[in-house]
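Anchor point for the sequence shown: position 24 equals 32 in our numbering, and the numbering is continuous, going up by one each time.
Notes follow the structure.
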Amino acid sequence: MKKLLTASLIAVLGLVGLYGCDTISSVDSASVLESSRLGAAIADSMGRPCSLTKVDISTLPAATTNYITANYAGSTITEAAKASNGTFVVMITVGTTRKVLQFNADGTFKMELSFKGGKGFGSHGGPGGWHTAPISVSALPAAVTTYITTNYAGATITGAVKGPNNGYLVLISVNSTPKALEFNADGTFTKEVLKGVGRNKGDFQEIALTDLPTAVSAYITANYPTATLKRAAKSMTDGQVIVMLETTDNRHVALLFNADGSFKQVLTRK
9 MKKLLTASLI AVLGLVGLYG CDTISSVDSA SVLESSRLGA AIADSMGRPC SLTKVDISTL
69 PAATTNYITA NYAGSTITEA AKASNGTFVV MITVGTTRKV LQFNADGTFK MELSFKGGKG
129 FGSHGGPGGW HTAPISVSAL PAAVTTYITT NYAGATITGA VKGPNNGYLV LISVNSTPKA
189 LEFNADGTFT KEVLKGVGRN KGDFQEIALT DLPTAVSAYI TANYPTATLK RAAKSMTDGQ
249 VIVMLETTDN RHVALLFNAD GSFKQVLTRK
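Written out as structure tokens, the structure reads:
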């Protein structure tokens, strides 16, 4: 039986600065700056890879070096690069540990990548980044649950994850309509970050992967041949389809298709 778009599907749509040129996933190179896979993992809004250009460490924005000094005591910057979207990728060593950090174009911190098994990097979601692992609803600050109770009468909290600057992204359902709310670390409300993708908010229902239009399956096979299909949902208003994929390098990709199965766009977090 079809059911309303589940919290796990909503979480994919709302997390990790989705699928813009600022999204980083895993790579398998000892040097982040020399890895073509990292450039491929930083994709623009149409899914095309960004390029990385090595830059002199001395040219990094002061905000970047100040952040590293303040938050990674005793670290040494070993490499730096600039992505074609203007963001910076910086490799540092802290003792014997290597880390890779991503910064916005203005030098402010965005995300930390951690090594997996001694080689390659994966989204760690350190200070300022999104954690992909959920947290217990009971672990949310009282200010968060109080705000939801007061402002979203009858809402049910369906999930929660760590958000930017140790804040929170909370998934709720209000009269069968999914929403995602962002809160600061102290529990104060920031904004509602997830609204419907179709013309009517919250009108997507999960569908079986076997029910995908032939054109959708063909597009995915041609453009993401090694990816695993995870979930799919269909708008009950205009027939648009959302498909969640997981690539072999553990990236989550959300694709939006028109009702006729033609590709529309890679979904991005607004």
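Backbone N, C-alpha and C define an ideal beta-carbon position, used for all residues, glycine too.
Bridge-paired residues (DSSP) for residue i
{"i": "M119", "result": "Q110"}
{"i": "L314", "result": "The chain is shown only over 9 to 278; residue 314 falls outside these bounds and no answer can be derived."}
{"i": "L85", "result": "Checking the sequence, you will find Ile at residue 85 rather than Leu. Per DSSP, I100."}
{"i": "L217", "result": "For L217, which the question treats as bridged, DSSP gives no partner whatsoever."}
{"i": "G167", "result": "L179"}
{"i": "T105", "result": "V102"}
Inter-residue Cα distance where the pair is residue i and residue j
{"i": "Q248", "j": "T77", "result": "47 Å"}
{"i": "T164", "j": "V182", "result": "7 Å"}
{"i": "T101", "j": "F111", "result": "17 Å"}
{"i": "F96", "j": "G162", "result": "43 Å"}
{"i": "V152", "j": "D194", "result": "9 Å"}
{"i": "K107", "j": "M99", "result": "6 Å"}
{"i": "Y246", "j": "T198", "result": "Per the sequence shown, residue 246 should be read as Asp rather than Tyr. Straight-line Cα distance between these residues: approximately 30 Å."}
{"i": "P221", "j": "G103", "result": "52 Å"}
{"i": "E200", "j": "V169", "result": "14 Å"}
{"i": "D67", "j": "Y80", "result": "Here residue 67 turns out to be Thr, not Asp, going by the sequence shown. For T67 and Y80, the distance between alpha carbons rounds to 19 Å."}
{"i": "L237", "j": "H260", "result": "10 Å"}
{"i": "R239", "j": "G82", "result": "44 Å"}
{"i": "A89", "j": "L109", "result": "11 Å"}
{"i": "A113", "j": "K62", "result": "15 Å"}
{"i": "T234", "j": "N258", "result": "11 Å"}
{"i": "I156", "j": "M252", "result": "28 Å"}
{"i": "L275", "j": "T158", "result": "31 Å"}
{"i": "G115", "j": "V178", "result": "27 Å"}
{"i": "V145", "j": "I180", "result": "11 Å"}
{"i": "Y232", "j": "E214", "result": "21 Å"}
{"i": "E190", "j": "N74", "result": "27 Å"}
{"i": "T196", "j": "I143", "result": "18 Å"}
Limits of the unbroken alpha helix (DSSP H) element including residue i
{"i": "T196", "result": "It is not in any alpha helix (DSSP H) - T196 carries neither H nor E in the DSSP assignment."}
{"i": "A78", "result": "70 to 79"}
{"i": "V152", "result": "150 to 159"}
{"i": "Y227", "result": "222 to 231"}
Residue environment, residue i, which counts as buried when at least 16 other CB atoms sit within 10 Å
{"i": "A188", "result": "buried"}
{"i": "D64", "result": "exposed"}
{"i": "L217", "result": "exposed"}
{"i": "A70", "result": "exposed"}
{"i": "S243", "result": "buried"}
{"i": "L263", "result": "buried"}
{"i": "P186", "result": "buried"}
{"i": "A150", "result": "exposed"}
{"i": "G167", "result": "buried"}
{"i": "G175", "result": "buried"}
{"i": "K118", "result": "buried"}
{"i": "T72", "result": "buried"}
{"i": "A91", "result": "buried"}
{"i": "A147", "result": "exposed"}
{"i": "F265", "result": "buried"}
Span of the beta strand (DSSP E) around residue i
{"i": "A240", "result": "236 to 243"}
{"i": "A188", "result": "185 to 191"}
Short CB-CB distance (under 9 Å) between residue i and chain D
{"i": "Q110", "result": "Absence of chain D from the displayed structure is noted, only one protein chain being present."}
Any non-hydrogen atom of the ligand NAP within 8 Å of residue i CB
{"i": "S83", "result": "As presented, the structure is devoid of all ligands, the ligand NAP included, so that no description of it is given."}
Exercise for the section: Please confirm if the region 261 to 273 is in contact with the region 219 to 232, defined as three or more CB-CB distances below 8 Å between the two stretches. Expected result: yes
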